[in-house]
Amino acid sequence: MQSNTDEVIRTPEAQAEVDQQCQSLALYEYESCPFCRRVLHEIEQLSLNIELRNTREDSSARDELREGGGRTMVPCLRITQETGETHWMYESADIVAWLRQQFA
């Protein structure tokens, strides 16, 4: 269900389920990055509670991104599978498409 602002509205139960799924996600970003803004807008539209890790303000987040993803480019969505395997998704268009596929 969507409201007039195109933001996804869910029942409390459905939102709780989505929130649970989002616990395995983290977005590495910083506010002035236009590609990050695109992903953040989509997160807002889909009513997702994804942990944000600002790589400009938090050097440990930047280090995690470099170690795990292999580079410090943002945005990057860290997806932790149920198996514990971690996937690092770069490119704002890919992240937006994946979020829509999973949560729209």
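When we follow full-length UniProt numbering, the leftmost residue of the sequence shown carries the number 1, and every step to the right adds one. Even for Gly, the Cβ is constructed at its ideal location relative to N, Cα and C.
### Task
Give the secondary structure of residue 108 by DSSP, where H, G and I count as helix, E and B as strand, and everything else as coil.
What the structure shows of the chain is the stretch from 1 to 104, and residue 108 is not part of that stretch, so it cannot be assessed.
### Task
Could you name the residues of the same chain whose beta carbon sits closer than 6 Å to that of M89, not counting the 5 residues immediately before and after it, in chain order?
L77, I95
### Query
Quick check: the stretch 41-49 against the stretch 69-83, are there 3 or more CB pairs under 8 Å?
no
### Message
Quick check: the Cα distance between Q101 and E91, rounded to an integer number of angstroms?
### Response
16 Å
### Task
Name, in chain order, the residues that DSSP records as bridge partners for R53.
Y28
### Query
R53 and E29: beta carbons closer than 9 Å?
yes
### Query
Which residues in the same chain as H87 place their Cβ atom closer than 6 Å to its Cβ, once the five residues preceding and following it in sequence are excluded?
I79
### Query
Can you tell me the Cα-Cα spacing of L65 and E44, whole angstroms?
23 Å
### Task
Taking L27 and V39 to be in contact with their CB atoms under 8 Å, please state how far apart those CB atoms are, rounded to whole angstroms.
6 Å
### Task
Could you check the C-alpha separation between S59 and R10 for me, to the nearest Å?
35 Å
### Task
Take the Cβ of G84 as the centre, count every other Cβ of all protein chains shown within 10 Å, and call the residue buried at 16 or more, exposed below.
exposed
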